[in-house]
Structures are given as C-alpha cells and as structure tokens.
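Each residue of the sequence shown is one higher than the last, beginning at 1 in full-length UniProt numbering. Cβ coordinates follow ideal geometry from the N, Cα and C atoms, glycine included. Note that the coordinates shown come from a computational prediction; the quantities given were computed from them, not determined experimentally. What follows is one structure encoded as structure tokens, with my remarks underneath.
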Amino acid sequence: MIKEKGSLVVVGTGIRTVGQLTGDTIARLKTSTKVFYIIADLVGEQVIKQIQPAAESLGRFYRLGRNRREAYDAMVERIMSAVRDGHRTCCAAYGHPGVFAFPTHEAIRRARAEGFEATMYPAVSAEDCLFADLGVDPANPGCNSHEATRFVLYKKAVDPSSGLILWQVGMFGDATYRPEGNRGQWIHVLVDRLLQHYPEDHQVTLYEAAVFINCPPRIERIALGKLADAELTPATTLYVPPARGDVLDEETCAALGIERAALAR
1 MIKEKGSLVV VGTGIRTVGQ LTGDTIARLK TSTKVFYIIA DLVGEQVIKQ
51 IQPAAESLGR FYRLGRNRRE AYDAMVERIM SAVRDGHRTC CAAYGHPGVF
101 AFPTHEAIRR ARAEGFEATM YPAVSAEDCL FADLGVDPAN PGCNSHEATR
151 FVLYKKAVDP SSGLILWQVG MFGDATYRPE GNRGQWIHVL VDRLLQHYPE
201 DHQVTLYEAA VFINCPPRIE RIALGKLADA ELTPATTLYV PPARGDVLDE
251 ETCAALGIER AALAR
C-alpha cells in the first residue's frame, strides 16, 4: 500500500474565535487527519475541540522563564513530524496565522523545502481589530507597525507624520516565556526612545482587542510621558497617532498633474 504524502495548511482562529472562524478554516479543521493548535484562549480551544476532538495543543512546549524560540522550534518539529508521517496536517493559530507567528511561517518554509504542499489561510488579526475599534485608516496618513523590542533594538526609523503601532509592549525587553508578561519592567527604555520624536503630553492609546462576544476592547488613552506607569499585559498594543501633518511635495504633485484638492484627506 502506497503511503499518502503529507501536506500542511495553516489557519487562523481570529481574535474572537466565536464569530471569526471562516468557512475555509472550519473545513480544514474537519477534514485534516492531524490538527494542532496554538491558542491561549480557553473558549477558542473548546471551539477547536468541538470541531476536531483529537486536536493537539502545542502550548505544552512552552516553559516558564525559558526562551520562546526553544518552544517555537519544538512546535515546528512536532508539526513536521506529522507531515512527514503522511498526515493532512492542519495547524490553527490565534488571530492571523502569519502575524507574530514564527512557528507557522517556519513550518511552511520547512515543509516546502522538503517537497510538501503547504498553504496559509488568512484570518482576522489584532491589527484588523485595532483599525476598526480606533477608527484608524492605515492608508491615510500612513502607518508603521513593529514589535516593540525589535523597534528599539534595531533602531527602526520613526515618522511622526504617520501612525505607529507597537506590539507586545507588555513583554518589552523579554525573550522568555511569561504568560503574565514582565509588567513593564523595562518599558522606560521604549518611552525614552519615543520621546526623541514625540512630546511628553502626546496622547497614545493602550489597546487590547475584545476576545469574547459582548466584551468591549481595552481603549485607554494616556500621555506618552505617563506610559511607564500604565498597566501592561502580554496582549497590550500601543498605538501612537501622528504628531504632525504630512508635508506635500508640491513639485512632484505638479509634475504628475495632481491638484491638491484631489488628494485624499
């Protein structure tokens, strides 16, 4: 008997699993012969278990106080072992499976490198929820998005005329696994970096998307200079709105024949 060749599909549960699971995701969960999931939400876990009772959590690879990369590598190897064994493998991740999700990207990369079919399906991410809840349009006046620690360590450029989204501020400066975050232990380093480009009284927003139906998101606006005193969790995202307006390149605008009145506001 010829062994069936394995495959991999990566799906997302959305931020609010109940209501944001797509038809494609549900179908993949039902028809795969091996299902894994990486979800911290107990309700989301129950939903997946109802669809596929044999689904296996990859959360068991996390170790308190250990580098998260160690857990990610173990997750990827577990996924790939199922693919190599000939399973139609599905891995479900919280939110969008390609946003802040090293294991899913690496599993797909490795599967393809080994000659297996591998696909990712999109889903609702925390950024999608932020745009909706805060009324932010990333196209106007623009938006930059960074993981908070990398933003500082790699000295990412700052454009005060565009919005800035900084992820995982509640785990800033920490590469280890801590379910409760580090409660802003080093957040002052991030604040110092931002104060090089924004005034202390610039109003920023602490945001956490709603995970459950009928529960509001966290939308807390504070002065940037007070950020070090704020309550932060691993789910906290920081949105920094523009501090100044755009500067129009009049010469290029004229060369393109675009009138100022025609530009989107």
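Here DSSP, grouped into helix, strand and coil, assigns E117 to strand. By the Cβ criterion, the segment 194-207 is in contact with the segment 122-138, since at least three pairs of Cβ atoms, one from each stretch, lie closer than 8 angstroms. Take V83, set aside five residues on each side of it, and the residues of its chain with a beta-carbon closer than 6 angstroms to its own are G6, L8, T89, A111 and F116, in chain order. Contact check for A243 against P160 passes: the beta carbons are separated by less than 8 angstroms. Pairing H146 with V247, the inter-Cα distance amounts to about 24 angstroms. The continuous beta strand (DSSP E) containing C91 extends over residues R88 to A93.
A residue is called buried when at least 16 other Cβ atoms come within 10 angstroms of its Cβ; S57 does not meet this threshold and is exposed. With a threshold of 16 other beta carbon atoms within 10 Å, G95 meets it and is buried.
Comparing alpha carbon positions, the residue from L166, F212, E251 and D201 closest to P234 is L166. Here A92 is actually not in contact with V18; their C-beta atoms are around 14 angstroms apart, not less than 8 angstroms. Annotation for H96: no alpha helix (DSSP H) segment contains it, and DSSP assigns it neither H nor E.
Note on the segment 162-204: whole alpha helix (DSSP H) runs with a minimum of 4 residues are 187-194, in chain order.
Here A223 really is in contact with H202; their C-beta atoms are around 7 angstroms apart, less than 8 angstroms.
Here F61 has A71, A74 and M75 as same chain residues with Cβ atoms under 7 angstroms from its own Cβ, once five neighbours each way along the sequence are excluded. With fewer than 16 other beta carbons inside 10 angstroms of its own, G245 counts as exposed. Below 8 angstroms, too few C-beta pairs join the segment 251-259 and the segment 211-220 to call them touching: fewer than three. In this structure K3 is exposed. Its beta-carbon is surrounded by fewer than 16 other beta-carbon atoms within 10 angstroms.
In the three-state DSSP reduction, L8 falls in the strand class (E or B). Under the three-state reduction of DSSP, S81 is assigned to helix. Rounded to whole angstroms, the gap between the alpha carbons of I51 and T31 is 10 angstroms.
Cβ contact annotation for G163 (same chain, cutoff 8 angstroms, sequence separation greater than five): V136, P138, P141, G142, C143, N144, Y239, V240, P241 and P242, in chain order.
About 4 angstroms separates the CB atoms of L232 and G170; that is less than 8 angstroms, so the two are in contact.
Classified as buried, E45 has 16 or more neighbouring CB atoms from the shown chains inside 10 Å of its CB. Relative to the Cα of A54, the nearest Cα in the group L29, L42, A175 and A148 belongs to L29. As the crow flies, the alpha-carbon of K226 is around 29 angstroms from that of V99.
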